[in-house]
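The block underneath contains the structure these notes are about, expressed in structure tokens.
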Amino acid sequence: MMEKQLQPKLRFPEFEGDLKNIYLKDIAEFSKGKNISKSDIVEDGVFECIRYGELYTTYNEVINEIVSKTNIDEKNLIFSEANDIIIPASGESALDIATASCVIRDGVALGGDLNIIKTKENGIFLSYYFNNKKKYEIAKKSQGISVIHIYSDHLKSLNLNIPSLPEQQKIADYLATIDTKINLLEEKKEQLSLYKKAMMQKLFSQEIRFKNDKGNDFPEWEEKRLGEIGEIVTGKTPDTTNKSLWNGNIQFITPSDLNDEVKYIDFTERTVVKLDKMKILPMNTIVFTCIASIGKMALTKMNSITNQQINSLLPVNQINDFIYYALLNITPYIKSTQANTTLPIINKTEFSKFKINIPSLPEQQKIAEFLSAIDESIAKVNEQITQTQSFKKAMLQQMFV
């Protein structure tokens, strides 16, 4: 029987031969962090620090910038050495806890409930390796029910296939370059989102006004209730036990189909068959969740119906895209009206009473085109992020054994 070759599917051309099969205990020393509770974090702290919870919420495989500081006496702290790998010692789920990050510089205080792994191998390479190829294997080594734990004794037996240090460095640099691109794209997306928010505030407060094609002012805006703008329809779920009603060519929209970052809904998890008694929502209807998750909204791109958690607005003699943005602008206020209720509910009558200010149709068109252009830019950046993340995932699957 031939021995299995320990070689990755994808490799830089200057490297060849089998990888080295070892246990983590053969290449690492283990310790734990110390102290640093949430109350110990202060804005003007002397020591940069990392708490175990931040590995879930803030950091990825490579920790470059430290977000927290503390004033705990240094005698009561454990400090990092460059290349340390840290893994949470406790968490809410086995997969959550299987999260590794590499601290790339000395002198960062490492909090309690952090496993610290010191090694002469490349810590960045190992962090990528642990978080991808070895994630499920690490998760299986965890223990506990309500709170999950993993300790150094569990990690020591982790079986690894690792290349030479030069190849580790090459892989780490390559993957870090992809992550840098993703981070830059996410920053660009955030900047565009902030710009959109700022411009919406200026446009809907009328701090900024467009001129007509002759350079003259448009007429004054009018305040109207949503119920005056068009028809409002509350959805209804067809009989889920009647299979003949489902899997048709009409989209069935529920709150879970709506994404706060996406203006148009072009896909739904389920579809229904058209029936004569159904009120079919045409393309460009504005759908708005009014039960539980208040304020999720979108414009439809196909004929659809919704469930009972959604009120739909079918504007008449208006620019639908403008009405969408005007409703988006007052969504924080709409949410605030339900802030102190256990189960937020806005019925059709209440929804119809909310007011927005409406300009003339030509000004509506200009505002809609301006904000739509920003949304298109955000969508393009989103697509670039998705494509780059997919590329990274493909690389990770092929570069590790």
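Numbering follows our numbering, in which position 323 of the sequence shown is assigned residue number 324; successive positions increment by one, without gaps. Ideal Cβ positions, reconstructed from N, Cα and C, are used throughout, including at glycine. All values reported here derive from a predicted model rather than from experimental measurement.
Cβ neighbour criterion (16 or more within 10 Å) applied to residue i
{"i": "M298", "result": "buried"}
{"i": "S158", "result": "exposed"}
{"i": "D214", "result": "exposed"}
{"i": "V1", "result": "Since the first residue of the chain shown is 2 and the last is 402, residue 1 is not available in this structure."}
{"i": "K197", "result": "buried"}
{"i": "M284", "result": "exposed"}
{"i": "P164", "result": "buried"}
{"i": "T286", "result": "buried"}
{"i": "N1", "result": "Summary: the structure shown does not reach residue 1, with the chain confined to residues 2 through 402, and so no result is reported for it."}
{"i": "V43", "result": "exposed"}
{"i": "D258", "result": "buried"}
{"i": "E377", "result": "exposed"}
{"i": "K190", "result": "buried"}
{"i": "S147", "result": "exposed"}
{"i": "M3", "result": "In this predicted model, M3 has a pLDDT of only 41, less than 50, meaning its place in the structure is not dependable; the value taken from the coordinates is given anyway. So M3 counts as exposed."}
{"i": "K264", "result": "buried"}
For residue i, the three-state DSSP class (helix, strand or coil)
{"i": "F126", "result": "helix"}
{"i": "Q144", "result": "strand"}
{"i": "P363", "result": "helix"}
{"i": "S81", "result": "coil"}
{"i": "G231", "result": "strand"}
{"i": "F48", "result": "strand"}
{"i": "L156", "result": "helix"}
{"i": "M298", "result": "strand"}
{"i": "V288", "result": "strand"}
{"i": "Q8", "result": "coil"}
{"i": "D218", "result": "strand"}
{"i": "N248", "result": "strand"}
{"i": "K171", "result": "helix"}
{"i": "V63", "result": "strand"}
{"i": "A110", "result": "strand"}
{"i": "I42", "result": "strand"}
{"i": "M3", "result": "With a pLDDT of 41 at M3, under the threshold of 50, the modelled position of that residue is not reliable, and the figure given next carries that caveat. In the structure shown, M3 sits in coil (DSSP, three-state: anything other than H, G, I, E or B)."}
{"i": "Q399", "result": "helix"}
{"i": "I379", "result": "helix"}
{"i": "I37", "result": "coil"}
{"i": "T387", "result": "helix"}
{"i": "E351", "result": "helix"}
{"i": "N132", "result": "helix"}
{"i": "K237", "result": "coil"}
{"i": "S206", "result": "coil"}
{"i": "A1", "result": "Since the displayed the chain opens at 2 and closes at 402, residue 1 lies outside it and no answer follows."}
{"i": "A199", "result": "helix"}
{"i": "E191", "result": "helix"}
{"i": "E15", "result": "coil"}
{"i": "F268", "result": "coil"}
Residue closest to residue i, alpha-carbon to alpha-carbon, out of the options
{"i": "R210", "options": "Q365, I281, Q310, Q169", "result": "Q365"}
{"i": "L96", "options": "K381, G145, L111, N84", "result": "G145"}
{"i": "E15", "options": "Q252, Q169, I125", "result": "Q169"}
{"i": "E188", "options": "T387, S391, Q398, V382", "result": "V382"}
{"i": "C103", "options": "E93, N65, K135, K70", "result": "N65"}
{"i": "G108", "options": "K119, T100, N132, A83", "result": "A83"}
{"i": "E223", "options": "A327, I306, I125", "result": "A327"}
{"i": "N260", "options": "A101, P363, V288", "result": "V288"}
{"i": "I179", "options": "V402, S391, Q399, F401", "result": "S391"}
{"i": "I139", "options": "Q385, I37, T100, I118", "result": "T100"}
{"i": "I79", "options": "S69, I98, L115", "result": "L115"}
{"i": "K135", "options": "K121, S153, K119, N162", "result": "N162"}
{"i": "L166", "options": "L372, K182, K121", "result": "K121"}
According to DSSP, residues forming a beta bridge with residue i
{"i": "K115", "result": "Looking at the sequence itself, residue 115 is Leu, so the reference to Lys does not match. BP columns for L115 point to P89."}
{"i": "N22", "result": "N162"}
{"i": "A29", "result": "T120"}
{"i": "R226", "result": "K356"}
{"i": "K212", "result": "D218"}
{"i": "I149", "result": "G92"}
{"i": "I346", "result": "I292"}
Enclosing beta strand (DSSP E) for residue i [first to last residue]
{"i": "T255", "result": "Counting along the chain, T255 falls outside any beta strand (DSSP E), and DSSP gives it neither H nor E."}
{"i": "L282", "result": "From DSSP, L282 is part of no beta strand (DSSP E); its letter is neither H nor E."}
{"i": "L315", "result": "311–316"}
{"i": "T272", "result": "271–273"}
{"i": "T307", "result": "305–307"}
{"i": "K70", "result": "69–71"}
{"i": "V263", "result": "Neither: V263 is in no beta strand (DSSP E) and is coded neither H nor E."}
{"i": "S102", "result": "102–104"}
Range of the contiguous alpha helix (DSSP H) that encloses residue i
{"i": "P333", "result": "321–337"}
{"i": "I98", "result": "95–98"}
{"i": "T58", "result": "55–58"}
CB contact below 7 Å: residue i versus chain C
{"i": "A374", "result": "Chain labels in this structure do not include chain C; a single protein chain is all it has."}
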